[in-house]
Structures are given as structure tokens and as C-alpha cells.
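Counting in my numbering, the final residue of the sequence shown is number 232, and the numbers go up one at a time with none missing. Glycine included, each C-beta is placed from N, C-alpha and C at the ideal position.
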Amino acid sequence: MENYVISTGNTFVCPSCKQLDQVQKVTSIVSSGTSAMSTSGSTSVRVDGEMRYGSVSQTSVSTTALAYRLAPPTEPSRGFTCNGVTLWTSIAGLFICIGGASASVAFIILGLFFFVLIIVTGSRLDKPDLKFEAAMHEYHKRLATWNEMFYCYRCDGVFTKGSRFAPVANVAEFLSRS
Ligand SMILES: [Zn+2]
Numbered sequence: 055m056e057n058y059v060i061s062t063g064n065t066f067v068c069p070s071c072k073q074l075d076q077v078q079k080v081t082s083i084v085s086s087g088t089s090a091m092s093t094s095g096s097t098s099v100r101v102d103g104e105m106r107y108g109s110v111s112q113t114s115v116s117t118t119a120l121a122y123r124l125a126p127p128t129e130p131s132r133g134f135t136c137n138g139v140t141l142w143t144s145i146a147g148l149f150i151c152i153g154g155a156s157a158s159v160a161f162i163i164l165g166l167f168f169f170v171l172i173i174v175t176g177s178r179l180d181k182p183d184l185k186f187e188a189a190m191h192e193y194h195k196r197l198a199t200w201n202e203m204f205y206c207y208r209c210d211g212v213f214t215k216g217s218r219f220a221p222v223a224n225v226a227e228f229l230s231r232s
């Protein structure tokens with residue numbers, strides 16, 4: 055049988071061109087992208103006895119750029135959060151130290167006042183960073199989709215098993231709505 059038919063059930067088939075010859079897993083593009091080589095040169099073709107020159111550049115030139123465009127989602131950073139408790143504990147400790155050193159009751163009382171403040175506000179301030187948790191959750195979702203992503207060189211777009219196709223320019227959007 056000479057007719058080679060690609061099964062549409064194949065996860066590697068590009069939903070846009072329905073072919074798999076130009077499809078590559080995004081993870082392997084990105085991992086190989088760092089060591090991409092660029093090859094370019096000139097070519098000459100004789101047309102009607104006349105030499106025509108043209109420049110040739112290998113597709114691997116853009117591999118690094120492609121790897122950059124298909125880069126995995128970035129992990130959200132918690133950053134430095136002075137969540138209040140740390141700050142107030144330091145202040146309270148400082149006042150008690152001064153109070154102890156100078157034997158001043160006023161400073162000790164002030165220190166104790168800050169401790170009370172910590173107890174009152176601490177429970178509220180020490181709650182888990184919900185914004186960060188949500189960002190982390192979103193990140194893991196995106197990463198999971200990214201790991202399942204395929205790229206089609208012919209169509210310059212990505213897709214997953216779900217047969218959805220998105221142009222490479224919309225990768226970020228593609229990841230966020232999955
Ligand atoms: Zn395609």
C-alpha cells in the first residue's frame with residue numbers, strides 16, 4: 055500500500071496542516087535551542103545562461119530565537135515580603151532589650167505593647183500569601199500544558215493533545231487559557 059495516511063488520532067499531527075513531519079516537542083526544541091548553530095551562505099543558480107546569486111540561511115539560525123519564544127513559563131517569585139510580624143517582633147525585642155539594659159519599665163511596657171500588637175495583627179498578617187499561592191497554581195498549570203506542547207515548523211504554531219492550535223505569537227495566551 056503506497057498511500058500513507060496519517061491517523062488523525064495521532065497526538066503528533068499538527069491540527070493546522072494535518073501533518074507530522076514538521077512537528078517537534080517544545081521541550082526538546084528548548085533544550086536543544088541553546089546549542090543551535092547558524093549556517094548561512096550564498097548560492098548561485100544558472101538561469102538562461104546567466105548566473106543568479108542568492109543568499110541561503112539555514113532554518114537552524116532561528117532555533118535559538120524559537121527556543122526563546124517557546125520558553126517555559128517563568129516561576130513566580132515570592133520576593134521579599136515584610137509581612138509585619140517580623141518587623142513588629144524586631145521592634146518589640148529592641149524595646150525590651152533597651153528596657154532591660156536601662157532598667158526602664160516604660161520601655162518594657164512599650165515592648166509588651168508591641169507583643170500584644172503582634173498577637174492581634176499577627177494572625178491576620180501571617181496568613182498564607184494567597185496571591186502568591188494563586189500565581190504558583192497558575193504557573194504549575196501552565197508548566198503542565200507547556201510540557202505537553204508540540205511545535206509545527208510549517209505552521210509556526212503550537213498545539214497539545216487537545217488538538218488546539220495557536221500561532222507562536224500567542225503562546226502566552228495559549229498557556230493561560232488552558
Ligand atoms: Zn502544521
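Residue i burial status per 10 Å Cβ neighbour count (16 or more: buried)
i, result
"Ala125", "exposed"
"Val225", "buried"
"Cys151", "exposed"
"Leu229", "buried"
"Thr155", "Per the sequence shown, the amino acid found at residue 155 is Ala instead of Thr. Answer is exposed; the Cβ neighbour count stays below 16."
Rounded straight-line distance, which links the Cα of residue j to that of residue i
i, j, result
"Tyr122", "Gly87", "8 Å"
"Thr128", "Ser158", "52 Å"
"Gln78", "Thr214", "11 Å"
"Ala90", "Ser82", "Because the pLDDT at Ala90 is just 45, under 50, the model does not fix this residue reliably, and the point stays unresolved."
"Thr199", "Arg231", "10 Å"
"Gly153", "Leu141", "18 Å"
"Arg172", "Thr143", "Going by the sequence as given, residue 172 is Ile instead of Arg. For Ile172 and Thr143, the distance between alpha carbons rounds to 7 Å."
"Asp75", "Met203", "16 Å"
"Leu197", "Ala146", "43 Å"
Nonlocal neighbours in the same chain, by C-beta distance under 7 Å from residue i, ignoring five residues either side
i, result
"Ser70", "Cys206, Cys209, Gly211, Phe219"
Proximal residues to residue i (C-beta, below 6 Å), its chain only, five neighbours per side dropped
i, result
"Glu104", "none"
"Ala189", "Pro130"
Residues near residue i by beta carbon distance below 8 Å, same chain, minus five either side
i, result
"Val222", "Leu120, Arg123, Leu124, Tyr205, Asp210, Gly211, Val212"
message: Give me the pocket residues for ligand 1, defined as CB within less than 5 Å of any heavy atom, sorted by chain position.
response: Here the list is Cys68, Ser70, Cys71, Cys206, Arg208, Cys209.
query: Is the number of C-beta pairs between the region 160-173 and the region 182-190 that are closer than 8 Å three or more?
result: Contact between the region 160-173 and the region 182-190 is absent, with fewer than three C-beta pairs closer than 8 Å.
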